[in-house]
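Protein chains in written order, with our numbering: chain A, 2 to 340; chain B, 1148 to 1233.
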């Protein structure tokens, strides 16, 4: 299969075009590392200004989506050690968290002395969502550029729950550990508001409602969260922050740092995850349905920005997942052989 | 080239992969799923670079950004019709 000669995007990626030198249209549009560095500095300054403006006593400064993977672990470390924030880490236990990631979550939150909460929605409802997400056309193609359909469902559940919790607990920041390839720099610090999130939320959660009705609605934003003047209403919408996007990203350095506080590499996850067993199966389904790897866009972004070599990127995308793990997930979701 | 055309070109190229099929000027990007939360910020980045404006956090509302017509009206309020790109 033809790949971009500069990054790792394949010819099957939606909307891609190549120039005479074989560089893809995404690389052609890339503005260069110096410009990116200036932009990163602007967002870092914006984040520091927000920290000054949102200083509060007693309550949490930030909710952190904590998967137990290396990136969200490092994000927790940064918030605690570099910025001195009082945070609440929140983990979605979707039933497919690697046993080693479960241990890591326990070790890391203890080592950093961070408050932690796990949410565990009903198993049947979640399995129905993940199984239903395998049908093509659940999400628009744009959403599938960056993640598999199963990942989209999972992330939308997490995003909605964190917004809802931030509003209810009056916490000013919701923080994610997306890598620079997963979330563009312009999404690294921004203030949410009721009217925009209301519109986005419909598109994010309607597929989940279509699959399981109101079964998971207790974890999602409700109308009362959008109402003006109510105790849990519109003026409490938080800032969303992705610190790894504006802090620079060095995977080896991140691994070295998190290992020092007791984080251990799981052996059962695929080459693009350090916490989720579902990922191997979700990647396989996505590749078969759409013809490109769901991590290709992220890895291409990391290669383009110089955080990873092209060879490393190709290796990450071509390393086969553990067949036993794929089979375990497939059976647990109740599917016949998916090859 | 008028504002609506410039915005349509960006949306079609970046979010619809070159096929503008049923995209009307009034269609909600977010409700129709054409653009997600990350996509809205890509649109903002495009507007800032193309038109030399700064989009403030409080301006990130559907009334300004959620359809071709809304974006064109927002830009006209922000830069005036004299600032149209060629």
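C-beta: ideal position from N, C-alpha, C; glycine also.
No experiment lies behind these values; they were computed from the predicted model shown.
Any chain B beta carbon closer than 7 Å to residue i
i, result
"residue 289 of chain A", "no"
"residue 143 of chain A", "yes"
"residue 214 of chain A", "no"
"residue 73 of chain A", "no"
"residue 196 of chain A", "yes"
"residue 44 of chain A", "no"
"residue 19 of chain A", "no"
Proximal chain A residues relative to residue i, where beta-carbon distance stays under 7 Å
i, result
"residue 1188 of chain B", "185, 187, 188, 191"
"residue 1162 of chain B", "143"
"residue 1213 of chain B", "200"
Cutoff 7 Å: residue i Cβ touching any chain A Cβ
i, result
"residue 1166 of chain B", "no"
"residue 1233 of chain B", "Interpretation of residue 1233 of chain B is limited by its pLDDT of 41, a score under 50 that renders its predicted location unreliable; no figure is taken from the coordinates."
"residue 1157 of chain B", "no"
"residue 1218 of chain B", "no"
"residue 1172 of chain B", "no"
"residue 1178 of chain B", "yes"
"residue 1153 of chain B", "no"
"residue 1208 of chain B", "yes"
"residue 1185 of chain B", "yes"
Beta-carbon gap between residue i and residue j smaller than 7 Å
i, j, result
"residue 208 of chain A", "residue 139 of chain A", "yes"
"residue 81 of chain A", "residue 255 of chain A", "no"
"residue 64 of chain A", "residue 106 of chain A", "no"
"residue 274 of chain A", "residue 280 of chain A", "yes"
"residue 268 of chain A", "residue 1178 of chain B", "no"
"residue 116 of chain A", "residue 89 of chain A", "yes"
"residue 1234 of chain B", "residue 1151 of chain B", "Not covered by the structure: residue 1234 of chain B. The range shown for chain B is 1148 to 1233."
"residue 144 of chain A", "residue 290 of chain A", "no"
"residue 161 of chain A", "residue 206 of chain A", "yes"
"residue 307 of chain A", "residue 34 of chain A", "yes"
"residue 258 of chain A", "residue 61 of chain A", "no"
"residue 193 of chain A", "residue 241 of chain A", "yes"
"residue 1162 of chain B", "residue 1182 of chain B", "yes"
"residue 1184 of chain B", "residue 2 of chain A", "no"
Coarse secondary structure for residue i, derived from DSSP in three states
i, result
"residue 1233 of chain B", "Bear in mind that the predicted position of residue 1233 of chain B carries a pLDDT of just 41, short of 50, making it unreliable; the figure below should be weighed with that in mind. Note: residue 1233 of chain B maps to coil in three-state DSSP."
"residue 89 of chain A", "strand"
"residue 1 of chain A", "Lying outside 2 to 340, the shown extent of chain A, residue 1 of chain A is not represented and no answer is given."
"residue 118 of chain A", "strand"
"residue 1 of chain A", "Because chain A here runs from 2 to 340, residue 1 of chain A falls outside it and cannot be looked at."
"residue 334 of chain A", "helix"
"residue 278 of chain A", "coil"
"residue 241 of chain A", "strand"
"residue 97 of chain A", "coil"
"residue 1164 of chain B", "coil"
"residue 192 of chain A", "strand"
"residue 1220 of chain B", "helix"
"residue 342 of chain A", "Since the displayed chain A opens at 2 and closes at 340, residue 342 of chain A lies outside it and no answer follows."
"residue 265 of chain A", "coil"
"residue 1208 of chain B", "coil"
"residue 64 of chain A", "strand"
"residue 84 of chain A", "coil"
"residue 1176 of chain B", "coil"
"residue 19 of chain A", "strand"
Cβ-Cβ separation, residue j to residue i (assumed contact under 8 Å), whole Å
i, j, result
"residue 164 of chain A", "residue 175 of chain A", "6 Å"
"residue 299 of chain A", "residue 147 of chain A", "7 Å"
"residue 149 of chain A", "residue 283 of chain A", "4 Å"
"residue 182 of chain A", "residue 302 of chain A", "3 Å"
"residue 1201 of chain B", "residue 1210 of chain B", "In fact, because the Cβ distance is near 18 Å, the residues do not count as touching under 8 Å."
"residue 26 of chain A", "residue 39 of chain A", "Actually they do not touch by this definition, with Cβ atoms about 24 Å apart."
"residue 190 of chain A", "residue 51 of chain A", "7 Å"
Cross-chain neighbours of residue i in chain B, by beta carbon under 8 Å
i, result
"residue 161 of chain A", "Those within 8 Å of residue 161 of chain A in chain B number zero; the least Cβ separation is about 11 Å."
"residue 203 of chain A", "1177, 1178"
Interface residues of chain A facing residue i [CB-CB closer than 8 Å]
i, result
"residue 1149 of chain B", "What residue 1149 of chain B touches in chain A: nothing, since even the nearest Cβ is about 23 Å away."
"residue 1182 of chain B", "143"
"residue 1194 of chain B", "Chain A residues near residue 1194 of chain B: none, gap ~11 Å exceeds 8 Å."
Neighbouring residues, chain B, relative to residue i (Cβ below 7 Å)
i, result
"residue 16 of chain A", "1164, 1165"
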